[in-house]
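K.L.:
Structure provided below as structure tokens; questions to follow.
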Amino acid sequence: MAHFIHTSDWHLGNSFAGFDRDTAKKLNRARLDAVKAIFVYAQKKKIPFILCAGDVIDNGQLAAESILLELFAVVKQFPHTRLILTAGNHDPLMANTIYSRVSEESYPENVQLVQRRERIRIAAGNVKILAASNSEKRGNYNPLHWIQPEDIDDNMIHVGLAHGGLANEKFQDNPFPIEPGFARTKKLDYLALGDWHSYKKINDRTYYCGTPEPLQFGDAGCALHVTIEKQGAIPKVEPVNVSQYEWLQEEVELSDRDFPGFKAKLAQGNPGEKVIRRLTTAGFLSAKNYKTYKEIIRMERERYYKIDDRVSITPTDTDFLDMADGYMKALLQRLMDMKQQDFPLPEEIFNNVIPQDLLDLEQSLSPEKQAIVDKALLKLYNYYRTLGGDK
Amino acid sequence: MIISKLELTSWRKIRTLALEFREGINLLYGPNEIGKSTIMEAIKQALIGDAASRRQEYKDLQPWGTDVTAKVNLFFTTRDGKDYRVYKSFPGGKGDLYLSGVHLTEDPHKTQRKLYEILYIPEKTTGLFNLLFIDQGEALNIFDKDRKKNPMAEETRSHIRNVIKETAFRTLQAFQDSLKPGRDILFTNPDMKKFKSGRNAPPYMRLLEDAREEREQLKELREQIEEFSQRLEEMEKREKEIKQLSVDKGKKEELLSHMADKEVELEKLEKKELEFKPLKQDYEQFIKIVGQLEELQRALPRQYARARQLTLDLTEKIEKQQATQKEKQQYKAALKAKKEKSEQLKEYERKFKDLEQAYTGLLEINKNLSGINRELPILFALNRTELDKDVAGIEKKITGYEKTEAGLKNLDKQLDDYPQMTQKKIEDIKKIAHAIDKLETQLKAARSALKMQFEVAPAGNREIAFDLKIDEEGTVSRKTSQPLAVEDFRQLSFLYPGHFDIHISGRPVDIDVDSIHEKLRHKKEELKQHLTDMKVANTAELEKKFLEYCQLTGEKEKTQNRLDSLTPLEELNRQKARIEANRASLQQDLKKYTGMEALPGDLPADEPLRLLSGPELRDKLTENKTKRDNLTERTAGILKNRTFAALEKEYRENEKGYRKLQAALKEMEPKDLPEAHQGRIDKIEYELKKIEQEITAKENDKQLLGNMEWRAEFRCDNVTPESSPGQTAQQIRDDIKEMLTRLDDLTKRKEDILKKRKQDGLDESLETEYLRKKEEIDLLVKRSAAMVPIEVNTIEKIKNKIAEVKEDLERKAADIKAKEINMAELKTKLGGYGAAAGEKNRVESRHRHTLEEIKRELTDVYALKLLLMLIEEEKEKAQQEIFKPLEDRIIRGVERLIPGGKYKLGIDNNLDMKISARDVGGDFRDVSREDLSFGTKEQLSFLLRLSIAEQLSQKEPQVMILDDSFVNTDHYRLPQLLELIEQSSRTIQFLIFTCKQEDYLRCKGRFHTINLEELL
């Protein structure tokens, strides 16, 4: 009986470009912690070896050697668990690869990096691993194409290990395309694949485990605990969650009716919780609610990785319109009209604001028309509020 | 101001009264005559009354029939929270002002000035109180056209305008000012052209600075990374190259090993080939000799056959040519005989042709002569016929002329019966007749003429209708109320049915009838004289006669014109005489040229000869004569003392001899030739000579072939010779000779080789030995050719190739080494790539953050700029449409009171209200205030006042006093009005006086009620 962990896409040393330095550091630490959790699980369950199907390092040619050495330090803590690594498209075995930048001596004894293509026999469970490492970033071929019928021995359990996309019509341009029926065709008992960041069972014998620690919103991977009774038996695959951080996306559609509960609706976090949040808001609010809303958003901003604020003042807010009269009302009405109808904003308000040498940034700097008008309306509203509310 | 208290003492009929008011609405009620108007007056006087004055209006304030001064104390609070009291007594009394109980002034004038100051109203606009304090029954006074009654004096309007302008600006300005904190630069430097960076720069500018710095950093980092990435790419390239080179090297090494094997095999082959070479040469030579011998043995019989065939051909040709020679000689003899006969015939022919010419010439002349003789009479006949035609034509013209002349004479005779008539004369007579008619008409008309004058009295107020009948012609109905004159020469009847009829007839007094009579008589006499002259009875007859006269004179004129157009008679007679003379001359010529007395009558009518003129005819006759003479002379020349019959006989005899000789020549050989010439005989002789030469040459060739060597072993009996075009007997003989020589030589060489092998003791035939060894070599070649590289099959080439591959391998090894060194170098230069990439990511992230912050800041700046722009525009608008806020307020009020959009209101810049209402078709039309109900007018008037008060209250709270101002307002609109009042009561203090408090109390609203009945 074979017993092993299938994992991939650790992406150690990711830059987490959208985050501040500290968070990025924390998120990277979490990645290594997730890997450690896999080893802890393997040790606990007495699983003899771990197969990692590529993209161990986020950028194998650039990453600092320390990243690999840190991993080795973790692996060394679990000398009875063997780790077999393949290189993916993020860390291919090509010029300046991190795998050759660290000395051979620094490799722990229980780590084996697959060099191009290898047939590895493991006595425990009578397993034969047919593994391939990618030696380029893109390749229009199946990394395991070389497996021949004579590679299949009697009474052994055969496991394929590679990093690549799925070769079907939907993903025609995927690098390293692997046919969905490859395991069956080549008589492999299990095909351990890496590349996709979320867990996906392709068929009884072919699995993507996904990344154990999300890299971005939407990633939903895990480590897979695989058990195969004997050659030809259907593998038993058990997902093991080791992720450290939760990546949550919230979407809120607002209106004046449900606004009172808005703040309560926002997720309440605990200090030190490991959650990355993104909030998307939309809808129309009266000026009164909008003001409160803006204050809440300002206060909550720190708790969110990103807030997509698409809320706008209701252009027919009669309470607001009634606050002003005379010329102030005309002014307010004009702003409301600008919101409601597609009047372009006067060109002169944009003149002479951005210095000449930064004009190329204008496109990315220019706020949306709605945002400008809403801001103006908010100023007007605040003015009346400071005057003492109702007139 | 907000009035808090009013105290009156001895004020008109009020002995004492103290009223306390509150902010908002104060409802003061009580029955009629309780003193509501008095209280309102007291408030007004407290505010604007001249306490020092002793004018009657102030005296009227005293209790009736006493000298006691009327006193008023008014307590009020201003916007800034100050409490004032004003005390005034009338007339000629005091005017004191207190602030929080402290006496400010006691001089009535100073007090008044100070009051105006406190209440922000200029002295001239005290009328404002009349606008806001509405007396009972005066609710509509703002619509009054009488300026004195209308409280909206020019000064008041101007004051309202100024206050509104000020407040409007103030609101906009206040809002603008509220935007200032933190954004001063937008106010101090709105076009933002010269703002500075640094500490005082606006926050977004500092952020832009950051962004700029980050961009610089990023640029640098990207360049660094680009450089790193290039190195990495280079390294990857090197790696690939090394991989490729190693593969190539392996292949080459494999090739080298194969080539070494092949080299050994090829060396073996070379040795074998070297040994085989002399045998090969012998064998090849032997094969060649045998081949050549076989070739000769095949060729010789063919050549002998050719020689035999040529000999036979020559014999045949010689015989054939000898036959031809004989034929040609015979032909030559016949030609000579024919030639002699031809010459004989030619001589005879010459003589015969002369005779024939003379004979045919004569025949032609005779024919010409008879033609000439026949033509002459026809010419004459034609000429005479034409002359006859001319004479007949002239005679016809003469008759025509004479007839026309006779007609003219006849017309003259007819005209003798008419007097001299001219158009003018006839017109004159007609004029006299017309004048007579006119005079007679005048005379007839002068019988009655009348003018009647009708006067209708009294004129204008009465109308009479009557009928008017003139000359019994019919009745015309007339009507008049004004004097009317009727005037006519005719008889009039004036019919005024039921009253009277008047018939009037008479004659005009101003027409001289006698004079007309005299004129008429004179004219009639004149006419009579004229008619007598014209030999007619009356003018009608005159006109008829004149018509006839005109016709005759017209016809005469036409006839005269026709006569003038004809050729004169003398000329015609002259022409006739000329033709007659021609006819006589023709007769003479006839005799002269033809000898005929008269022409025969049967001349052909269609003779084609043309008619000739006299001289032409004569020329023709002369020519004719000359020709005839000429022909006669030629005949004589031909005949030469012979007669024509003798000539003819001689011609006939010669013709017979000539034809006979001609037939004889035709029968002589060769028949295909009509005659034989010397040229032809010469040609035959030349051909004969040529044939003889050819026979000689052929006989020579025959002899040549007969003399050559014929070898018996090369039999040619059954050999068909091949054609040998152009091959002469000499060439054939030479060929055979050469072939025999070569045959002998080759036979000898063959025998020598065989003899030598025998001497060398070689039993095996040359061929067997050769083939055996050859097979051995072929096997070796085949084996080496199958060895790699198959394209290289010589020892030399393989040696070169081996050297080349070895060199290439060395080069590749060196190349790999160099690339490996290069890679190692590049690797050392990649240190810091990861750090730079990390740094780039960090700066990019920071930059994104900065840009987001800038975006937020810019949203604020743009929003601010937008607001500032709109504020400026609104300010501008406020200048243009001062009363717009007022108008908006009234429109809102009207919508509340009169829903359904029935009315549309506008306030112009003169503070006048424009009202329009929907017509039946739904369109808005201006309406005058008279068209509105009292209730609506009352409400509109109130709304205008209320809006003004609201506007003024923005500067200083206003007081509005309404003294039963809604008496015309119905129970639906009153609550609405009160709601409006309540809304406005936050800024305006209302004092409402009424005797119908229940109307108000029914409505919702917070009223401070004061029952005056209890107090007074």
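Which chain is which? The protein sequence lines are A and B, in order. Under the numbering used here, the letters of the first sequence match residues 1 to 391, in that order. Under the numbering used here, the letters of the second sequence match residues 10001 to 11016, in that order. Every residue gets a Cβ at the ideal spot worked out from N, C-alpha and C, and that includes glycine.
Classify B/E10653 as buried or exposed, calling it buried when 16 or more other Cβ atoms lie within 10 Å of its own Cβ.
P.N.:
So B/E10653 counts as exposed.
K.L.:
Does any CB atom of chain B fall closer than 7 Å to the CB of A/L321?
P.N.:
Chain B contact via Cβ: absent.
K.L.:
Taking only the alpha-carbon atoms, compute the straight-line gap between B/S10765 and B/N10793 and give it to the nearest angstrom.
P.N.:
Cα to Cα, B/S10765 sits roughly 32 Å from B/N10793.
K.L.:
Ends of the beta strand (DSSP E) at A/E169?
P.N.:
Segment: none, A/E169 is in no beta strand (DSSP E) and carries neither H nor E.
K.L.:
Determine whether the Cβ of B/N10909 lies closer than 7 Å to any Cβ atom of chain A.
P.N.:
It does not; no Cβ of chain A falls within 7 Å.
K.L.:
Spell out the partners DSSP gives B/Q10989 in its beta bridges.
P.N.:
According to DSSP, B/Q10989 bridges with B/V10959.
K.L.:
Taking DSSP as the reference, what is the three-state secondary structure of A/D308?
P.N.:
Strand, per DSSP.
K.L.:
From which residue to which residue does the beta strand (DSSP E) around B/G10679 run?
P.N.:
Here B/G10679 belongs to no beta strand (DSSP E); instead the alpha helix (DSSP H) covers 10678 to 10707.
K.L.:
For B/Y10833, which residues in the same chain have their Cβ closer than 6 Å to its Cβ, ignoring the five residues on either side in sequence?
P.N.:
If we look at B/Y10833 and ignore the five residues flanking it on each side, its Cβ neighbours are F10228.
K.L.:
Assign A/D9 to one of three DSSP states: helix, strand, or coil.
P.N.:
It is coil, neither helix nor strand.
K.L.:
Are the C-beta of A/N14 and some C-beta of chain B separated by less than 7 Å?
P.N.:
False, the Cβ-Cβ gap to chain B never drops below 7 Å.
K.L.:
Can you name, in chain order, every residue of its own chain whose Cβ lies under 8 Å from the Cβ of A/F16, other than the five neighbours on each side?
P.N.:
Taken in chain order, the residues that qualify are T23, A24, L27, N28.
K.L.:
Along chain A, in chain order, which residues have C-beta atoms closer than 7 Å to that of B/G10834?
P.N.:
Going along chain A in sequence order, the residues near B/G10834 (Cβ under 7 Å) are L62, A63, A64.
K.L.:
Measuring only the C-alpha atoms, how far is A/R303 from A/R277?
P.N.:
Going from the Cα of A/R303 to the Cα of A/R277 covers about 7 Å.
K.L.:
Given this structure, state the Cα-to-Cα distance separating B/E10106 from B/R10085, to the nearest angstrom.
P.N.:
Those two C-alpha atoms are separated by around 12 Å.
K.L.:
With A/K200 and A/Y208 assumed to form a contact (beta carbons below 8 Å), what rounded beta-carbon distance in angstroms separates them?
P.N.:
At roughly 4 Å, the Cβ-Cβ gap stays under 8 Å, so A/K200 and A/Y208 are in contact.
K.L.:
Sort B/R10896, B/K10955, B/F10924, B/D10248 by Cα distance to B/L10940 and report the nearest one.
P.N.:
Checked all of B/R10896, B/K10955, B/F10924, B/D10248; the closest Cα to B/L10940 is B/R10896.
K.L.:
Are the C-beta atoms of B/T10171 and some chain A residue less than 7 Å apart?
P.N.:
Taking Cβ atoms only, chain A reaches closer than 7 Å to B/T10171, which makes this a yes.
K.L.:
Which residues, in order along the stretch 10837 to 10851 of chain B, keep a beta-carbon less than 9 Å from a beta-carbon of chain A?
P.N.:
Result list: A10837, G10838, K10840, N10841, R10842, E10844, S10845, R10846, R10848, H10849, L10851.
K.L.:
With a cut-off of 8 Å, do at least 3 Cβ pairs link the stretch 10712 to 10721 of chain B to the stretch 10318 to 10335 of chain B?
P.N.:
Counting Cβ pairs under 8 Å, fewer than three are found: no touch.
K.L.:
For B/E10347 and B/E10597, I'd like the C-alpha separation in whole angstroms.
P.N.:
For B/E10347 and B/E10597, the distance between alpha carbons rounds to 56 Å.
K.L.:
Just checking: is the beta-carbon of B/S10178 within a distance shorter than 7 Å of some beta-carbon in chain A?
P.N.:
Interface residue, yes.
K.L.:
Pick helix, strand or coil for A/L188, following the three-state DSSP scheme.
P.N.:
Correct three-state label for A/L188: coil.
K.L.:
If we define contact as Cβ-Cβ less than 7 Å, is B/D10107 a contact residue for chain A?
P.N.:
False, the Cβ-Cβ gap to chain A never drops below 7 Å.
K.L.:
Against A/K379, what residues of chain B qualify as contacts under a CB-to-CB distance less than 9 Å, listed in chain order?
P.N.:
Under the 9 Å cutoff, chain B gives F10175, S10178, L10179, D10860, A10863, L10864, L10867.
K.L.:
How is the beta strand (DSSP E) around B/N10366 delimited, first residue to last?
P.N.:
Element bounds for B/N10366: not the beta strand (DSSP E) but the alpha helix (DSSP H), 10203 to 10415.
K.L.:
What are the residues that DSSP puts in a beta bridge with B/M10913?
P.N.:
Paired residues: B/I10907.
K.L.:
May I ask you to report which of helix, strand or coil DSSP gives B/K10114?
P.N.:
Looking at B/K10114 - three-state DSSP - the assignment turns out to be helix.
K.L.:
Output, in chain order, the set of chain B residues within a Cβ distance shorter than 8 Å of A/P346.
P.N.:
Simply L10866, M10869.
K.L.:
Can you check whether the C-beta of A/Y327 is within less than 7 Å of a C-beta belonging to chain B?
P.N.:
Yes, because at least one Cβ of chain B sits closer than 7 Å to the Cβ of A/Y327.
K.L.:
Compute the beta-carbon to beta-carbon distance between A/K44 and A/N89, rounded to the nearest angstrom, for a pair I have assumed lies under 8 Å.
P.N.:
No, A/K44 and A/N89 are not in contact; Cβ-Cβ is about 32 Å, not under 8 Å.
K.L.:
With a 10 Å radius around its C-beta and 16 neighbouring C-beta atoms as the bar for buried, classify B/N10026 as buried or exposed.
P.N.:
Buried, because 16 or more other Cβ atoms sit within 10 Å of the Cβ of B/N10026.
K.L.:
Can you confirm whether A/R29, when its beta carbon is compared against all beta carbons of chain B, has any partner nearer than 7 Å?
P.N.:
Taking Cβ atoms only, chain B never reaches closer than 7 Å to A/R29, which makes this a no.
K.L.:
Tell me which same chain residues have a C-beta within less than 6 Å of the C-beta of B/M10421, skipping the five on either side of it?
P.N.:
Hits under 6 Å: F10546, Y10549.
K.L.:
Please list the terminal residues of the continuous beta strand (DSSP E) segment that includes A/C52.
P.N.:
Taken as a continuous stretch (DSSP letters only), the beta strand (DSSP E) holding A/C52 covers 49 to 53.
K.L.:
Mind listing the chain B neighbours of A/F19? Cutoff is C-beta to C-beta under 8 Å, in chain order.
P.N.:
The answer, in chain order, is S10845.
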